[in-house]
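Participant:
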Amino acid sequence: MRHRLIRALAVSALSAWASCSPAAEATCHVIYGGEETAHRVPPAADPYKVAAMPVGSYFLFRPLLETEPEELAALKVYVYADLERGPVIVHQGEYDWPPVGSGRYGFTGRQRAYEPMRDGELEYWCEVAE
Numbered sequence: 003m004r005h006r007l008i009r010a011l012a013v014s015a016l017s018a019w020a021s022c023s024p025a026a027e028a029t030c031h032v033i034y035g036g037e038e039t040a041h042r043v044p045p046a047a048d049p050y051k052v053a054a055m056p057v058g059s060y061f062l063f064r065p066l067l068e069t070e071p072e073e074l075a076a077l078k079v080y081v082y083a084d085l086e087r088g089p090v091i092v093h094q095g096e097y098d099w100p101p102v103g104s105g106r107y108g109f110t111g112r113q114r115a116y117e118p119m120r121d122g123e124l125e126y127w128c129e130v131a132e
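So that you can map any letter, position 3 of the sequence shown is 5 in the numbering used here, and since no number is skipped, the others follow by simple counting.
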C-alpha cells in the first residue's frame with residue numbers, strides 16, 4: 003500500500019514538473035528613437051548562424067537563445083555599433099534560461115547601450131514569449 007502511494011506521488015510530481023517545462027522562446031523589446039519593436043527569439047540550433055538585426059542607422063542587435071546543453075542554457079544579447087570599419091560591441095548581456103523570475107521589464111530588466119559617435123541610445127528588455 004505504501005509503495006503505491008509513493009509511486010502515485012512520484013508520477014504526480016513528474017507530471018507537474020513536465021507541465022512546467024521552460025518556454026521555447028523569448029521576446030525582446032527594443033526601444034530606439036522613441037519606437038519600440040518586439041522580436042521573437044527562438045532557440046538557436048547553430049549560434050554562429052544567428053545574424054544581428056539593424057536598429058536605426060547605427061546599432062546592430064543580436065539576441066541569441068541557447069537551450070542546449072541544458073546546464074549552459076542562456077539568453078545572450080549583443081549590441082554592436084555599426085562602424086565603417088566593421089561592427090564594434092558596445093554591450094553584452096547573459097541571462098539564465100529558463101529565467102527564475104520576472105519583473106516590469108521581463109527577466110533582463112531594462113538595459114541600455116550607448117554609441118560613442120552619434121550619442122544615440124538603444125534600450126532593450128526581454129521576457130518569456132507567451
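Ideal Cβ placement from N, Cα and C applies to all residues, glycine included.
None of these values were measured; they are calculated from a predicted model.
Rounded C-beta distance between proline 101 and valine 130? I'm assuming under 8 Å.
Facilitator: So it is a contact: roughly 6 Å between Cβ atoms.
Participant: Taking the C-alpha atoms as reference points, what is the distance between threonine 110 and serine 104?
Facilitator: C-alpha separation (whole angstroms): 8 Å.
Participant: Taking the beta strand (DSSP E) that proline 56 belongs to, which residues open and close that run?
Facilitator: It spans 55-57 - the beta strand (DSSP E) in which proline 56 sits, taken as one unbroken run.
Participant: Using three-state DSSP, classify proline 65 as helix, strand or coil.
Facilitator: Strand at proline 65.
Participant: Touch check for the segment 73-87 and the segment 48-65: three-plus C-beta pairs under 8 Å?
Facilitator: Touching, per the Cβ criterion.
Participant: Along the chain, where does the beta strand (DSSP E) that runs through glycine 95 open and close?
Facilitator: Here the beta strand (DSSP E) through glycine 95 covers 88-98.
Participant: Please report the Cβ distance between cysteine 30 and tyrosine 126, rounded to the nearest whole angstrom; I am assuming they are in contact, meaning their Cβ atoms lie under 8 Å.
Facilitator: Rounded, the Cβ-Cβ distance is 6 Å, consistent with contact.
Participant: Can you tell me which residues form a DSSP beta bridge with threonine 39?
Facilitator: Answer is Val32.
Participant: By Cβ distance below 7 Å, which residues in the same chain neighbour leucine 98 in space, the five residues on each side in sequence not counted?
Facilitator: Rather than leucine, the amino acid found at residue 98 in this sequence is aspartate. The answer, listed in chain order, is Ala76.
Participant: Checking 8 Å against the spacing of the C-beta atoms, do alanine 54 and glutamate 68 come in under that value?
Facilitator: No; because the gap between Cβ atoms is not below 8 Å, this pair is not in contact.
Participant: Please tell me whether leucine 124 and valine 57 are closer than 8 Å, where the distance is taken between their beta carbons.
Facilitator: Yes, the pair counts as a contact, with Cβ atoms nearer than the cut-off.
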